[in-house]
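Numbering (my numbering), first residue to last: -2 to 180.
The beta-carbon is built from N, C-alpha and C at its ideal position, and this holds for glycine as well.
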Ligand SMILES: CC(C)(COP(=O)(O)OP(=O)(O)OC[C@H]1O[C@@H](n2cnc3c(N)ncnc32)[C@H](O)[C@@H]1OP(=O)(O)O)[C@@H](O)C(=O)NCCC(=O)NCCS
């Protein structure tokens, strides 16, 4: 995301359903350690649903370094203690008409409104930055995510097979391909 676009969106203060205050801000190149700790906290049950890339320490530092690239937007939800409670992103290839979306909320913060809050903010950014259409894939079995994406206006366009490339211990399973027009 270009600097001039980034400057249009200040960090926002939000409250989870529990009343816990948090901040939503852009991921920064200096967030490598925090992101690595977050990746390490993702349990196997969530890894099944979220592994766009290996959730390794090296990948965390690479993602943090690339956070401000012009072809992506990455938001983090951060507690007042500085812990990452979740993150959401979309990215696209130069000239592409569609972006790809992903998100993961830390296990102990799930079901508390974190995902909805973070995604709402990300969609506010997407109304101004990036392609007009956002796409995602989600396993049919991932009911919380499917419900959230429907609520946010994503539409199922087809069902396909998730092969879990790089994670052969997960059995292939059906997934939805969904899209939303963001502006
Ligand atoms: C899926 C995920 C992003 C949802 O975030 P969350 O913070 O747990 O969800 P929220 O508390 O904001 O709830 C938002 C909506 O999701 C749905 N939802 C959340 N938890 C649910 C559950 N246990 N069962 C059914 N629907 C649920 C509801 O529609 C809810 O809206 P409501 O509060 O109006 O009922 C989060 O659980 C997560 O990161 N899971 C592991 C990784 C993952 O699956 N990532 C997505 C890969 S496609």
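With hydrogens ignored, establish whether the beta-carbon of residue i is closer than 7 Å to any heavy atom of ligand 1.
i	result
residue 244	This structure cannot speak to residue 244, because the chain is shown only from -2 to 180.
residue 60	no
residue 141	yes
residue 79	no
Would you check if the distance between the CB atom of residue i and the CB atom of residue j is smaller than 8 Å?
i	j	result
residue 25	residue 85	no
residue 83	residue 101	yes
residue 173	residue 132	no
residue 74	residue 119	no
residue 13	residue 111	yes
residue 23	residue 103	no
With DSSP collapsed to three states, give me the class of residue i.
i	result
residue 100	strand
residue 113	helix
residue 130	strand
residue 178	strand
residue 152	strand
residue 160	coil
Chain D beta carbons: is any one of them nearer than 8 Å to that of residue i?
i	result
residue 24	This model lacks chain D altogether; it includes just one protein chain.
- Query: Are three or more beta carbon pairs between the stretch 115 to 130 and the stretch 153 to 165 nearer than 8 Å?
  - Reply: Segments in contact, no.
- Item | Touching by the beta-carbon criterion (3+ pairs, under 8 Å), the stretch 51 to 58 and the stretch 2 to 20 | Judged by Cβ distances under 8 Å, the stretch 51 to 58 makes no contact with the stretch 2 to 20, as fewer than three pairs qualify.
- Please list the segments of the beta strand (DSSP E) lying wholly inside the stretch 6 to 90, counting only runs of 3 or more residues, in order along the chain. Counting only runs of 3 or more, we get 9 to 12, 18 to 23, 69 to 76, 81 to 88.
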